[in-house]
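Protein sequences appear in the order of chains A and B.
Be aware that the first sequence starts at 0, since it is given in numbering that gives the first Met the number 0, and climbs by one per residue.
Be aware that the second sequence starts at 0, since it is given in numbering that gives the first Met the number 0, and climbs by one per residue.
Step one of this worksheet: look at the structure below.
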Amino acid sequence: MAASTGGLNRSRPTTAHAIEATGLSAGFGGREVLQDVSLTLKAGEILCMIGHNGAGKSTLLRVLFGLHRPSTGGMRVFGETPSNYTPAALGAAGVALVPEGRGVFPDLTVEEIFGLALWSAGVPKSGQRERIDEVLDVLPRIKEFRGRRAGTLSGGQQQMVSIGRALLTRPRALLLDEPSIGLAPKLFQDLIRPIAALRESRGMAILLVEQNVREAFAVSDRVLVMRSGKFIFEGAPSELDDHAKLMELF
Amino acid sequence: MLFLQLLLNGLQTGAIYALTAAGFALIFGATKIFHVAHGTAFTIAGYVFLFAWGAGWPSWLGVLASIAAAMVFGIVMERLVYRPIQRHEGSFFTVFVAAFGVSIVVQNIIGMIAGRGFATVDTPLSFSAEILPEIFVAPMLWISLATAGVLFVALTLFLTRHPAGVALRALAQNPDLIRTYGLSSNGLSVLAFAIGSALAAPAAIVTAMTTGLNEAIGHHVMLISIAATIVGGIGSLRGAALAGMMLGIAESLALTVVDTQWAEAVSFLVLFGFIIFRPAGIFGVTQTR
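Quick look at the structure:
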């Protein structure tokens with residue numbers, strides 16, 4: 000990024016915590032997937048969340064972004080309680096979600112996807128060029144396929160577009176749901192490193208749900224391990240260097 | 000000469016079908032709701048224009064009132080009929096019966112208020128003049144073709160250039176993902192119903208000024224819209240509009256070989272032909288849902 004803090008909304012109050020969620024429970028069809036989960040995402044940190052399939056990681060991200068209503072609990076975003084728990088309200092509060100899978104519409108071009116994101120975020124026409132340039136500074140390869148339909152792009156390119164779309168909203172807390180799925184390790188490194196660098200340049204907090212533990216730990220400050228809807232471990236990535244301990248937790 | 004005359008008549012009918020089919024296809028494509036009451040929006044719009052004309056309103060006001068009435072009906076159906084059914088995960092059959100029930104109720108109410116039988120707007124624009132030997136054309140032909148053309152181009156520009164139109168295309172592809180972008184799928188669904196229903200109004204006005212309306216005309220319009228959507232390729236607006244035009248022309252040209260009462264059946268013969276030989280339709284689009 001040309002301006003290191005260009006993405007920050009300086010008028011907002013600063014706080015040590017990007018997201019503070021307490022006592023969240025949520026489920027589907029009578030089955031409780033999250034059980035009284037509390038989580039703190041500190042401003043400017045990368046928090047990695049791992050766990051086996053069905054542990055509740057994606058559900059937690061959906062709850063944190065207002066896509067799924069919790070049965071109990073609440074949250075504060077940058078020290079404030081959101082006006083309501085909808086994606087629009089949480090997006091306005093500075094949260095963005097890159098969903099699991101390819102978060103793009105296959106029949107839309109990359110430019111249309113970016114235009115849609117800017118419109119939904121209420122960015123005026125006059126400010127859109129600057130936002131797009133900011134994203135292209137972070138993910139310059141998008142320039143090569145801006146005019147193409149997302150459905151014709153490779154998995155890595157689609158993931159890049161999905162993340163770029165989220166960055167257009169200048170989030171202060173980015174929720175990434177398994178961005179490495181279907182990507183070669185090298186490709187994932189190329190993708191995650193510039194995003195992780197935004198922690199330094201913008202003070203952006205990142206909650207990273209990943210199965211690719213090695214690469215995720217390399218950029219993370221803290222790790223949470225989830226099992227059956229509860230956190231069973233919290234600590235530094237180095238504490239899980241011991242492979243046996245990691246396997247035990249899984 | 001008879002062929003040319005029937006072709007011109009078919010173009011006018013086709014323009015009406017193209018508009019209603021494009022509206023139905025827009026609603027179905029974006030929301031996946033099988034809006035069987037789309038023909039009722041057409042009927043309401045037509046009778047509102049008839050009322051406005053009879054009451055001596057300026058024609059532009061009648062057109063606006065007609066468009067507004069169609070939009071309000073579409074929005075009311077989305078909010079009060081389809082959304083509650085979807086909230087309770089009602090089946091396709093529930094949606095179909097509910098919409099069909101509403102259309103029957105509205106048909107009877109219109110019959111009670113406006114009387115049964117055909118009603119037309121008497122205007123010089125409907126009077127035919129001989130433009131070539133034995134070829135008679137009314138100004139309404141050119142008006143209906145121009146209206147359909149302009150509205151289709153405007154709709155296409157809206158869907159490709161305006162973010163709200165792009166959002167409707169996105170909704171058609173993945174309604175869950177649209178929420179991740181911070182957009183409301185419910186709000187976009189209302190927009191699809193408003194625009195799709197509005198497209199029925201000009202078609203209804205042209206019909207009121209040419210062949211006339213009766214309270215049951217919506218059923219025919221709805222069936223043609225569904226046929227055109229399938230023939231054009233589900234998910235394709237240009238396909239629906241083109242198929243609507245084709246069906247209008249086919250109905251008219253069929254009069255060279257069949258009696259008038261069989262003309263409507265021709266649309267469905269075309270439909271069956273497509274179902275058997277080209278089930279994806281003219282511009283078949285692979286569905287992502």
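Where a beta carbon is used, it is the ideal one built from N, C-alpha and C, also for glycine.
Which residues in chain B have a C-beta closer than 7 Å to the C-beta of residue i? List them in chain order.
{"i": "L96 (chain A)", "result": "T179"}
{"i": "E111 (chain A)", "result": "V165"}
{"i": "P86 (chain A)", "result": "R178, T179, G181"}
Do residue i and residue j have their C-beta atoms closer together than 9 Å?
{"i": "G164 (chain B)", "j": "G90 (chain A)", "result": "no"}
{"i": "V94 (chain A)", "j": "I18 (chain A)", "result": "yes"}
{"i": "K229 (chain A)", "j": "G55 (chain A)", "result": "yes"}
{"i": "T228 (chain B)", "j": "A20 (chain B)", "result": "yes"}
{"i": "M139 (chain B)", "j": "Q11 (chain B)", "result": "yes"}
{"i": "L1 (chain B)", "j": "T255 (chain B)", "result": "yes"}
{"i": "F50 (chain B)", "j": "A113 (chain B)", "result": "yes"}
{"i": "F23 (chain B)", "j": "S224 (chain B)", "result": "yes"}
{"i": "H218 (chain B)", "j": "G38 (chain B)", "result": "yes"}
{"i": "A226 (chain B)", "j": "S266 (chain B)", "result": "yes"}
{"i": "Q158 (chain A)", "j": "R101 (chain A)", "result": "yes"}
{"i": "S196 (chain B)", "j": "I274 (chain B)", "result": "no"}
{"i": "F33 (chain B)", "j": "A137 (chain B)", "result": "no"}
From this set, the options, which residue's C-alpha is nearest residue i's C-alpha?
{"i": "T206 (chain B)", "options": "B:T30, B:L144, B:T93", "result": "B:L144"}
{"i": "S70 (chain A)", "options": "A:S179, A:Q156, A:M225, A:G22", "result": "A:G22"}
{"i": "L146 (chain B)", "options": "B:S251, B:A240, B:S127", "result": "For the record, residue 146 (chain B) in the displayed sequence is Thr; it is not Leu. Ranking the options by Cα distance to T146 (chain B), first place goes to B:A240."}
{"i": "G26 (chain A)", "options": "A:A42, A:R61, A:L40", "result": "A:R61"}
{"i": "P139 (chain A)", "options": "A:G163, A:A116, A:P178, A:G28", "result": "A:G163"}
{"i": "S289 (chain B)", "options": "B:W141, B:R115, B:V94, B:E133", "result": "As shown, chain B starts at 0 and ends at 288. That puts residue 289 (chain B) outside it, with no answer to give."}
{"i": "L175 (chain A)", "options": "B:T179, B:A54, B:W59, B:N173", "result": "B:T179"}
{"i": "E250 (chain B)", "options": "B:E263, B:V220, B:M244", "result": "B:E263"}
{"i": "A29 (chain B)", "options": "B:L222, B:F117, B:I194, B:W59", "result": "B:I194"}
{"i": "F27 (chain B)", "options": "B:F95, B:W52, B:A54, B:G55", "result": "B:F95"}
{"i": "V109 (chain A)", "options": "A:L197, A:P123, A:L135, A:G121", "result": "A:L135"}
{"i": "L222 (chain B)", "options": "B:L268, B:T209, B:M208", "result": "B:L268"}
{"i": "R78 (chain B)", "options": "B:G55, B:R115, B:V189", "result": "B:V189"}
Express the C-alpha separation of residue j and residue i in angstroms, rounding to a whole number.
{"i": "V222 (chain A)", "j": "R147 (chain A)", "result": "37 Å"}
{"i": "L154 (chain B)", "j": "I177 (chain B)", "result": "21 Å"}
{"i": "P86 (chain A)", "j": "S184 (chain B)", "result": "12 Å"}
{"i": "L206 (chain A)", "j": "D220 (chain A)", "result": "10 Å"}
{"i": "L6 (chain B)", "j": "I43 (chain B)", "result": "29 Å"}
{"i": "L270 (chain B)", "j": "A215 (chain B)", "result": "22 Å"}
{"i": "I281 (chain B)", "j": "F216 (chain A)", "result": "52 Å"}
{"i": "W118 (chain A)", "j": "L131 (chain B)", "result": "53 Å"}
{"i": "N83 (chain A)", "j": "G43 (chain A)", "result": "24 Å"}
{"i": "G234 (chain B)", "j": "G283 (chain B)", "result": "7 Å"}
{"i": "V80 (chain B)", "j": "G211 (chain B)", "result": "29 Å"}
{"i": "P83 (chain B)", "j": "R237 (chain B)", "result": "31 Å"}
{"i": "R11 (chain A)", "j": "G247 (chain B)", "result": "Note on R11 (chain A): pLDDT 45, under 50, position unreliable in the model; the coordinate value appears next. For R11 (chain A) and G247 (chain B), the distance between alpha carbons rounds to 60 Å."}
{"i": "E199 (chain A)", "j": "R171 (chain A)", "result": "12 Å"}
{"i": "G5 (chain A)", "j": "R145 (chain A)", "result": "Residue confidence for G5 (chain A) is low, a pLDDT of 35 falling below 50, so the modelled location carries little weight; the figure read from the coordinates is stated next. Spanning the two alpha carbons is a distance of roughly 23 Å."}
{"i": "I204 (chain B)", "j": "G53 (chain A)", "result": "56 Å"}
{"i": "G148 (chain B)", "j": "K142 (chain A)", "result": "36 Å"}
{"i": "V62 (chain B)", "j": "T93 (chain B)", "result": "33 Å"}
{"i": "N213 (chain B)", "j": "A40 (chain B)", "result": "13 Å"}
{"i": "G181 (chain A)", "j": "E99 (chain A)", "result": "11 Å"}
{"i": "A253 (chain B)", "j": "M244 (chain B)", "result": "14 Å"}
{"i": "D240 (chain A)", "j": "K185 (chain A)", "result": "21 Å"}
{"i": "L116 (chain A)", "j": "G29 (chain A)", "result": "First, the amino acid is wrong: residue 116 (chain A) is Ala here, not Leu. For A116 (chain A) and G29 (chain A), the distance between alpha carbons rounds to 34 Å."}
{"i": "P57 (chain B)", "j": "G231 (chain B)", "result": "37 Å"}
{"i": "T285 (chain B)", "j": "A118 (chain B)", "result": "Confidence at T285 (chain B) is low in this model, with a pLDDT of 48, below 50, so the placement of that residue should be treated as unreliable; the coordinate-derived value is given next. Distance between the alpha carbons of T285 (chain B) and A118 (chain B): 42 Å."}
{"i": "H87 (chain B)", "j": "N107 (chain B)", "result": "29 Å"}
{"i": "A235 (chain A)", "j": "R68 (chain A)", "result": "30 Å"}
{"i": "G45 (chain B)", "j": "I109 (chain B)", "result": "11 Å"}
Give the interface partners of residue i over in chain A, defined as CB-CB distance under 7 Å, in chain order.
{"i": "N173 (chain B)", "result": "F104"}
{"i": "A169 (chain B)", "result": "F104, L107, L115"}
{"i": "A191 (chain B)", "result": "What A191 (chain B) touches in chain A: nothing, since even the nearest Cβ is about 16 Å away."}
{"i": "P162 (chain B)", "result": "G114, L115, W118"}
Who are the neighbours of residue i on chain B, taking C-beta pairs under 9 Å?
{"i": "L66 (chain A)", "result": "D175, R178, T179"}
{"i": "G90 (chain A)", "result": "Y180, G181"}
My understanding is that residue i touches residue j, with C-beta atoms under 8 Å, so please give their C-beta distance in whole angstroms.
{"i": "V212 (chain A)", "j": "I49 (chain A)", "result": "6 Å"}
{"i": "L198 (chain B)", "j": "L187 (chain B)", "result": "Going by Cβ atoms, the distance from L198 (chain B) to L187 (chain B) rounds to 17 Å, so no, they are not a contact pair."}
{"i": "A14 (chain B)", "j": "S102 (chain B)", "result": "Rounded, the Cβ-Cβ distance is 23 Å, inconsistent with contact."}
{"i": "A149 (chain A)", "j": "V160 (chain A)", "result": "6 Å"}
{"i": "T191 (chain B)", "j": "L158 (chain B)", "result": "Going by the sequence as given, residue 191 (chain B) is Ala instead of Thr. Not quite, the Cβ-Cβ distance comes to about 11 Å (not below 8 Å), so this is no contact."}
{"i": "A165 (chain A)", "j": "V97 (chain A)", "result": "5 Å"}
{"i": "P178 (chain A)", "j": "L190 (chain A)", "result": "7 Å"}
{"i": "I20 (chain A)", "j": "L38 (chain A)", "result": "The sequence given here places Ala at residue 20 (chain A); Ile does not occur at that position. Indeed they touch by this definition, with Cβ atoms about 5 Å apart."}
{"i": "P162 (chain B)", "j": "G114 (chain A)", "result": "6 Å"}
{"i": "T58 (chain A)", "j": "L33 (chain A)", "result": "6 Å"}
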